[in-house]
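Under UniProt numbering, the first residue of the sequence shown is numbered 1, with each subsequent residue one higher.
Ideal Cβ positions, reconstructed from N, Cα and C, are used throughout, including at glycine.
Heads up, the thing below is written out as C-alpha cells.
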Amino acid sequence: MNILQFNERYPDEASCIHYLKEQREREGVICKNCNSKDHYWLNSLNMFQCKHCKFRTGLKNGTIMENSKLPLRTWLLAMTLVSATKKGFSCLELQRQMGHSRYETVFRLYHKLREAMGKRDSQYKLEDMVEYDEAFVSKATKSSEKTKLKKGRGSQKQATVAVMAESSILEDLITGEKDKSCRYFKMVKIDNLKAKTAEKLIKGLIDKKAVLQTDESTTYANLEDCIDVHVSELSSTKEGKFNLKWAHIAISNLKRDLQKYHMVSEKMLQNYLNEFCYKLNRRYFGKKLFDRLVIASICPYLYTSG
C-alpha cells in the first residue's frame, strides 16, 4: 500500500480505530483477567469488554502499541511506509517521511515493529532441506576499541550471524540440470562459533526430520542428536557452493542491505535481521504485506506467552 492509498483508506483516527477493531476481532481478543475470548465492543469508550468478568481491554492493550501515546494513525502510517518497500528504512528517513519531530519516538516505534516481525517468524520451523552457514557483518565499534582491533575472523568490528535457508532441489527433466529454489530464511545473531551454539539453534529452529546441509567445519562434526540427516561439503567445491547456494545469496544481500544504516550496534542487530528475514520470507506478498504486518503487531501470542 502506498501513501496515496493510505490517505484514502485512513483519512482520520476514526477510520483507523474501525480498521484495528475489525482486525483484533478477527484475530481474537484475550482477556488478561480471566483468559476468556468472548468480548463485546463499547462504542462510547472504544474498548472491548469481557462477557464473563467485565474486564475492559483497549485497542492498543496486548499489542506492540500498548502504553504508546501515539495516535493509531501514526502507527498505521509507519507500518505503511515500512511495508511499502522490500528494503528497510533508516530511522532518520522514517522520521522524515512521517514528519515526526522526535527521532527517539520513531526509533522506539520502528524497533517495536522489528521485534514483532521476529516474534511472528519465530512461530515457524524450517523443514525439508535446510542450508546452514555463518556470516560476519560489520557492527558499530567504540572509539576506545578501535586501536585494539583484531584482524580477520574474530575481529571486534564484526558480529556473527547464523543463516538458515529452507531450500529444495529442482531438476530439469530434459537437460537433467539441477537448480535450487528457496522458501524461507532465518537469521540469528550468535555470540560464538562453538558447536553447542549451533546445536541449540538447529534443535530450536529446524525440524529434526529435515536434511541439513553445511560446510565441513568442525562446528558441525557431531549433530546426530539434532538432525536425522546431515550432509557436509567443503564450501569451496562445486558441490559445497550448490548445497549452500541460497544461504550465500542471503548473506550477500544482508551485507548490502545493512550498508545503508552505516553502522548497526550489536545490541540492536537482531532487530535488523528480523526485518530483513520477515520481508524476504514474504517477498511475493506485495500489497498484502501491510495487513500481515498489522496482524504481526496485534497477534495474541505477543501478550499471552509471558
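T304 - DSSP class collapsed to helix/strand/coil: Confidence at T304 is low in this model, with a pLDDT of 48, below 50, so its placement is unreliable and the value that follows should be read with caution. Here T304 sits in helix by DSSP.
For F107, the first and last residue of its enclosing alpha helix (DSSP H): From DSSP, the alpha helix (DSSP H) with F107 extends over 103–121.
Any 3 or more C-beta pairs closer than 8 Å across the segment 223–232 and the segment 106–117: no
Cα-Cα separation between A296 and A221, rounded to whole angstroms: Straight through space, the alpha carbons of A221 and A296 are spaced by roughly 37 Å.
From F185, E134, V211, residue whose alpha carbon lies closest to that of S235: Taking the Cα of S235 as reference, the smallest distance to any Cα among F185, E134, V211 is reached at E134.
Rounded separation between R73 and F6 - CA only: Taking the straight line from one Cα to the other gives about 10 Å.
Contact under 8 Å by Cβ, T85 with I3: no
Proximal residues to Y124 (C-beta, below 8 Å), its chain only, five neighbours per side dropped: Taken in chain order, the residues that qualify are Y184.
Cβ pair Q213, L244 closer than 8 Å: Here Q213 is near L244, since their CB atoms are less than 8 Å apart.
Inter-residue spacing [alpha-carbon to alpha-carbon] between M268 and L113: 13 Å
Neighbourhood of S36 by C-beta, 6 Å cutoff - its chain only, sequence neighbours within 5 removed: C50, H52
Straight-line gap, M1 to R282 (C-alpha atoms, nearest Å): 15 Å
CB contact flag (T63, C31, <8 Å): no
Contact the segment 195–204 vs the segment 166–180: 3+ CB pairs below 8 Å: no
Length of the line joining the Cα atoms of G99 and R9: Cα-Cα distance, rounded: 19 Å.
Bridge partners - residue 318, DSSP secondary structure assignment: Absent from the model: residue 318. The displayed extent of the chain is 1 to 306, so no value can be given.
C-alpha distance - K119 paired with Q95, whole-angstrom precision: 24 Å
Cβ shell of K21 (< 7 Å), same chain only, five flanking positions each side left out: W41, L59
Rounded separation between V29 and G240 - CA only: Taking the CA atoms as reference points, V29 sits about 48 Å from G240.
Beta-carbon separation (whole angstroms), M187 vs V211, contact threshold 8 Å: A Cβ-Cβ separation of about 20 Å leaves M187 out of contact with V211 under the 8 Å criterion.
Spatial distance of C299 from K69 (CA atoms): 20 Å
Straight-line Cα distance separating Q158 from D12: Approximately 45 Å between the Cα atoms of the pair.
8 Å Cβ shell around N67 - same chain, five flanking residues per side excluded: K60
Simplified DSSP state of L234, which is helix, strand or coil: Here L234 carries a coil assignment [DSSP, helix/strand/coil].
I206 in three-state terms, based on DSSP: In this structure, I206 counts as strand in the three-state DSSP scheme.
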